[in-house]
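Everything in the sequence shown is counted per our numbering, starting at 82 for the first residue and increasing by one. Here's the structure we're looking at; comments come further down.
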Amino acid sequence: MWTRRANHQIPHYKGWPMFGNLFQVNRERPELTFTEWAKHLGPVFSVKMLKQQFVVISSFEAIYETLVEKGNSFMSRSTQRIYRVDLLTENTEGISFMEPTPTWMKLKKTLHRKIRIYDTGMKRIEEINRGLIGNLVNEFMMRKVSFNPKEIIFNTVMNTILALLLGKTFRADEELFKNMMKFEQGVKLALSSSGKGTELDIFPWLRFFGNQTYKLILELKEIRNRVWELMKKEAALGDQMLDGSEKDFRLMTALKEVLTEKDSGLSEGLLKTVVVLDLVFAGTTTTANTLYIYLNIISQHPDVQGKLQEEVDAVVGSSRCVSLADKEDMPYTQATMFELLRFTTVAVFAPPHTSHTDATLQGHVVPAGVLVLVNLFALHHDEEFWKNPYEFQPERFLDEHHQLLPASHPNRRHLLPFGAGPRLCIGEALAKSRLFLVISSLAQKFNIHPGDVTTSCDPRVLLTGPILSSRYFEIIAKERS
Ligand code: HEM
């Protein structure tokens with residue numbers, strides 16, 4: 082067995098010569114190994130895999146110190162370039178992997194401001210919401226037998242992001258939509274943070290020896306270029322259709338305006354990465370996988386489903402559509418959404434953070450340039466803080482009067498699925514409004530039961546990738562009378 086050795090700086094387990102801790106980590110789900118290690122090594126420990134050394138942080142205090150209290154020091158992404166990302170984005174990186182330059186700041190501010198209108202009940206946006214949720218409900222109604230809901234959920238979420246970008250939705254058989262779906266599926270494989278593909282970051286020369294990930298990334302680059310050309314065409318068509326009476330809310334318009342600003346630092350190449358990777362890919366894969374996993378959970382938790390139905394029946398009734406304005410009157414639905422985000426934690430590690438100067442975390446010196454991995458999965462499943470963390474219990478976010486706990490309550494503060502501080506996710510408001518609308522609308526219309534193929538909803542058996550996803554399962558959606 083390997084021994085624990087604490088040097089005067091950061092605790093770590095002794096690894097093998099050359100390989101470091103490589104063979105001690107579950108490569109399918111590294112965060113599970115790191116969650117266990119934190120119990121012995123503490124909330125800040127270091128790991129070495131081949132040449133790469135990084136620091137993993139796990140407790141709320143350590144994560145809060147990194148992302149918020151010392152957020153300005155740890156807001157850099159990486160001093161070392163990630164070969165697979167560079168290859169896919171043609172060295173443009175995009176918001177998620179960029180250094181915090183004035184251009185990054187400008188892009189984040191613009192997108193944050195624009196995305197927030199999605200939560201305000203603006204007329205045109207509410208129309209789009211109603212249309213998309215209506216389609217989702219119709220698709221479920223058409224399935225009279227056991228079915229896998231993945232494609233329907235992914236279509237709905239991707240269309241939400243495309244509607245926000247381009248002001249219109251797409252059918253599943255349209256060129257742009259088909260290509261974007263292919264891109265989403267491919268990127269999940271090509272950029273997986275564990276398992277296959279990682280070897281290309283360490284040994285880029287493997288590309289000369291028929292490496293499969295390398296071939297896939299070349300294909301994805303082609304698809305990305307095709308999607309971008311189609312998007313530009315759609316945006317131009319949209320410009321022509323604008324009648325001037327309603328505000329142009331399209332994100333594409335806001336981004337094009339930044340592109341034309343003097344000294345914006347934004348090139349068309351960077352814009353392409355922002356739109357295709359930071360918005361459509363990141364926005365779809367996170368929210369859609371969360372909802373897909375939700376359908377498995379809810380089919381196996383009739384008690385939770387019953388309480389959701391009681392609430393939506395009392396607040397909305399059965400005839401009108403749920404709207405974002407109902408949110409404040411639906412604490413159980415909001416608590417279910419928070420519990421879903423905690424339980425699943427699909428973005429288990431935020432992209433790595435790093436500091437350009439030596440800094441301390443919980444009293445340990447973290448040298449400049451060392452990658453810091455934030456283990457959000459450990460935070461959300463910490464047995465010392467959460468009672469029975471592997472049980473799905475929305476009640477954790479309610480007080481004794483069944484009202485939502487205030488944002489200052491420790492349970493709400495320990496919930497950081499979107500990160501925190503300067504690198505906070507730009508899509509938080511959009512994702513939460515989607516989750517709320519889908520959870521409540523499905524509860525209003527259906528009783529969801531397990532189908533012919535079932536899988537465990539324990540988050541420890543989810544599949545790895547840049548974002549966690551569920552194994553195949555089916556559900557039966559029976560219309561409520
Ligand atoms: C359930 C849904 C979502 C989850 C759980 C999630 C989670 C996260 C997390 C953990 C981070 C990293 C924060 C950090 O580095 O500390 C992040 C960053 C980011 N997210 Fe999300 N996200 C979601 C939805 C979205 C959506 C809908 C979009 C776009 C429309 C989006 C775009 C981004 C971008 C561009 C960043 C990079 C921000 C930066 O580096 O400054 N995400 N997200």
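C-beta atoms are modelled at their ideal positions from N, C-alpha and C, and glycine is treated no differently.
Express the C-alpha separation of residue j and residue i in angstroms, rounding to a whole number.
i: Ile176; j: Val356; result: 10 Å
i: Arg85; j: Phe141; result: Note that Arg85 has pLDDT 45, beneath the 50 cutoff, so the model's placement of it is unreliable and no number is given.
i: Phe115; j: Glu481; result: 35 Å
i: Ala317; j: Leu336; result: 14 Å
i: Ile206; j: Glu349; result: 27 Å
i: Val451; j: Ile529; result: 47 Å
i: Val397; j: Lys328; result: 29 Å
i: Pro111; j: Leu246; result: 34 Å
i: Lys129; j: Met179; result: 24 Å
i: Glu150; j: Ser345; result: 29 Å
i: Lys296; j: Arg165; result: 11 Å
i: Arg158; j: Val136; result: 13 Å
i: Glu560; j: His490; result: 37 Å
i: Ile240; j: Gln443; result: A quick correction: the sequence has Asn, not Ile, at residue 240. Approximately 43 Å between the Cα atoms of the pair.
i: Ala87; j: Ser537; result: Only weak support is given to the placement of Ala87: the predicted model assigns it a pLDDT of 45, under 50, and the value that follows is read from those uncertain coordinates. Cα-Cα distance, rounded: 38 Å.
i: Ala568; j: Asp407; result: Here the chain comprises residues numbered 82 to 562, so residue 568 is not present and cannot be evaluated.
i: Lys314; j: Pro124; result: 50 Å
i: His437; j: Phe430; result: 20 Å
Just to confirm my understanding: we take residue i, look at its own chain, exclude 5 residues before and 5 after, and list those with CB closer than 6 Å. What are they?
i: Gln390; result: Ala524
i: Thr182; result: none
i: Leu351; result: Thr173
i: Thr441; result: none
i: Leu376; result: Pro230 and Ile556
i: Gly96; result: Asn102 and Lys129
i: Thr354; result: Thr170, Thr173 and Gly175
Go ahead and label residue i buried or exposed: buried means 16 or more other beta carbons lie within 10 angstroms of its beta carbon, across all protein chains shown.
i: Ser154; result: buried
i: Asp533; result: exposed
i: Asp282; result: buried
i: Tyr94; result: buried
i: Tyr553; result: exposed
i: Ala459; result: buried
i: Val542; result: exposed
i: Asp439; result: exposed
i: Ser551; result: buried
i: Glu117; result: exposed
i: Glu265; result: buried
i: Met82; result: At Met82 the pLDDT is 37, less than 50, meaning the model places this residue with poor confidence; the figure from the coordinates comes in the next sentence. Flag for Met82 reads exposed.
i: Thr567; result: Only positions 82 to 562 of the chain appear in this structure, which leaves residue 567 out of reach.
i: Trp286; result: exposed
i: Arg305; result: buried
i: Gln321; result: exposed
Excluding five sequence neighbours on each side, which residues of the same chain lie with their C-beta closer than 7 Å to the C-beta of residue i?
i: Arg197; result: Ala510
i: Pro475; result: Val385, Tyr413, Ala416, Thr417 and Glu420
i: Glu464; result: Pro470
i: Leu486; result: Phe478, Leu479, Asp480, Asn492 and Arg493
i: Trp185; result: Ile176 and Met179
i: Ile298; result: Arg165, Leu168, Leu169 and Ala271
Using CA coordinates, which residue listed in the options is at the minimum distance from residue i?
i: Leu272; options: Pro432, Thr535, Glu464 and Asn219; result: Pro432
i: Arg401; options: Asn102, Lys526, Tyr164 and Glu300; result: Lys526
i: Arg515; options: Ser551, Pro540 and Val403; result: Val403
i: Thr147; options: Ala488, Val447 and Val519; result: Val447
i: Leu217; options: Lys302, Lys151 and Asn236; result: Asn236
i: His483; options: His434, Leu442, Glu409 and Leu243; result: Glu409
i: Thr545; options: Leu245, Ala244 and Asn107; result: Asn107
i: Val308; options: Ala406, Trp97, Leu358 and Gly444; result: Leu358
i: Tyr373; options: Leu131, Ile242, Glu555 and Tyr145; result: Glu555
i: Phe284; options: Glu109, Ala253 and Lys132; result: Lys132
i: Asp394; options: Glu256, Pro98, Lys263 and Ser562; result: Ser562
i: Leu122; options: Ile91, Leu113 and Gly96; result: Ile91
i: Gln280; options: Gly267, Ala369, Val427 and Thr294; result: The sequence given here has Glu at residue 280, not Gln. Answer by Cα proximity: Thr294.
i: Thr367; options: Pro124, Lys314, Leu549 and Ala253; result: Leu549
i: Ile378; options: Gly96, Pro540 and Lys120; result: Pro540
i: Ser521; options: Pro531, Leu405, Pro547 and His495; result: Leu405
i: Gly500; options: Ala119, Val238, Glu109 and Ala143; result: Ala143
i: Glu312; options: Leu257, Glu338, Lys388 and Leu497; result: Before going further, note that residue 312 is Met rather than Glu in the sequence given. Among Leu257, Glu338, Lys388 and Leu497, the Cα nearest to that of Met312 is on Leu257.
Residues in the same chain with beta-carbon distance under 8 Å from residue i, minus the five sequence neighbours each way, listed in chain order, please.
i: Phe574; result: Only positions 82 to 562 of the chain appear in the structure, and residue 574 is not among them; the question remains open.
i: Met156; result: Pro181, His434, Gly502, Pro503 and Arg504
i: Arg331; result: Leu245, Leu246, Leu247, Gly248, Ala316 and Gly319
i: Phe566; result: Here the chain has residues from 82 to 562 only, and residue 566 is not among them.
i: Ile507; result: Ile176, Lys189, Leu192, His193, Ile196 and Asp359
i: Thr371; result: Leu421, Leu422, Thr425, Val427, Ala512 and Leu516
i: Gly215; result: Cys402
Compute the minimum distance between the beta carbon of residue i and the heavy atoms of the ligand ADP, and state whether it is under 8 Å.
i: Trp118; result: Absent from the structure shown: the ligand ADP. Ligands present: the ligand HEM.
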